[in-house]
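Trainee: In full-length UniProt numbering, the protein residues as written are 1 to 135. Note that beta-carbon positions come from the ideal geometry of N, C-alpha and C, so glycine has one too. Given the structure is predicted, the values throughout are model-derived calculations rather than measurements.
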Amino acid sequence: MMKGMIIKHMSLKVGQTLTIVGVAKPDATEFALNIGPDEQEIAIHINARFSAHGDENTVVCNSYQGGNWCEEYREGGFPFQQGEEFKIIVELSPSEFLVTLSDGSNIHFPNRIGSEKYSFINVDGDARITSISIK
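#1: Judging by CA-CA distance, which residue of 47, 12 and 55 is the nearest neighbour of residue 62?
#2: Classify residue 74 as buried or exposed, calling it buried when 16 or more other Cβ atoms lie within 10 Å of its own Cβ.
#3: Buried or exposed for residue 122, please, with buried defined as at least 16 other CB atoms from any protein chain shown within 10 angstroms of its CB.
#4: How would you label residue 49, buried or exposed, when you count the other beta carbons within 10 angstroms and need 16 or more for buried?
#5: What are the start and end residues of the beta strand (DSSP E) that includes residue 78?
#6: Could you give the residue range of the beta strand (DSSP E) that holds residue 64?
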């Protein structure tokens, strides 16, 4: 069961950009942004790990399909600081999610589910979201 902030029945379509601004908690170990068609399928999972799952200061991306996690992607920088504001920009195309982090580094993650519209967003973990926009 997903925890944290859940947004359902919204619409992120191909060509649109989702911008999320938040603040990592002062004692944050990790937080995650999940985008998908629903709670059971996650097209992109962006996990900022300060110190979690054996990783230090690493962004791990993945997708969750058919009840299983797929192959992890680890690329891009780690601009996150405990207690500091961050911005994550996600642009959806038919073939990939282009993720831009606060430091300008990019993550190219494949649109494995292949949908042109996603209607579920979840932010979980040690972060407080201050702004969400889709343009």
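Mentor: Considering the structure as presented:
#1: Residue numbering aside, residue 62 sits at position 62 when the sequence shown is read from its first letter. Out of 47, 12 and 55, 47 has the C-alpha closest to the C-alpha of residue 62.
#2: Within the sequence shown, the letter at position 74 stands for residue 74. By the 10 Å Cβ count, residue 74 comes out exposed.
#3: Taking the sequence shown and counting its residues from 1, one reaches residue 122 at position 122. Flag for residue 122 reads buried.
#4: Residue 49 sits at position 49 when you count from the first residue of the sequence shown. That one is buried.
#5: Along the sequence shown, one-based indexing puts residue 78 at 78. First-last for residue 78: undefined, no H or E at that position.
#6: Numbered from its first residue, the sequence shown carries residue 64 at position 64. Taken as a continuous stretch (DSSP letters only), the beta strand (DSSP E) holding residue 64 covers 55-65.
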